[in-house]
Amino acid sequence: MEVISFVALAAGLIIGLGAIGACIGIGIMGSKYLESAARQPELMNELQTKMFLLAGLIDAAFIIGTGIALWFATANPFLAQIANLPK
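UniProt numbering numbers the first residue of the sequence shown as 1 and each following residue consecutively.
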């Protein structure tokens, strides 16, 4: 197999596993927010601010992973090194 096929496989895994992790993380965080807001409704505004901040951080980690995967897929830095290897 060629190196570019492994890069495509790795990019797909980075994007796919990052998306699954972000979805699970936001789902768990949303359920805990609703649970805590139901228990203490007076803290809903403070909890909502923290929830949206954490949702942004979780999405940022996924978007950074997607950017790195697309960078490897389009401008692969490893191909130049492999082209110079003796066959």
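All C-beta atoms in this analysis are idealised placements derived from N, C-alpha and C, irrespective of residue type, glycine included.
Rounded C-alpha distance that separates residue i from residue j
{"i": "G30", "j": "G16", "result": "21 Å"}
{"i": "I64", "j": "A83", "result": "28 Å"}
{"i": "I4", "j": "T66", "result": "17 Å"}
{"i": "P41", "j": "L53", "result": "19 Å"}
{"i": "A75", "j": "G18", "result": "21 Å"}
Buried versus exposed call for residue i [16 or more other C-beta atoms within 10 Å across all chains shown]
{"i": "F62", "result": "buried"}
{"i": "A69", "result": "buried"}
{"i": "A60", "result": "exposed"}
{"i": "A10", "result": "exposed"}
Beta-carbon proximity of residue i to residue j, cut-off 7 Å
{"i": "I24", "j": "A55", "result": "no"}
Contacts around residue i, its chain only, beta-carbon distance under 8 Å, and the 5 residues preceding and following it disregarded
{"i": "L43", "result": "S36 and A37"}
Let me know the alpha helix (DSSP H) ranges lying completely inside the UniProt domain "V-ATPase proteolipid subunit C-like" (9-71), each 4 residues or longer, listed in chain order.
none
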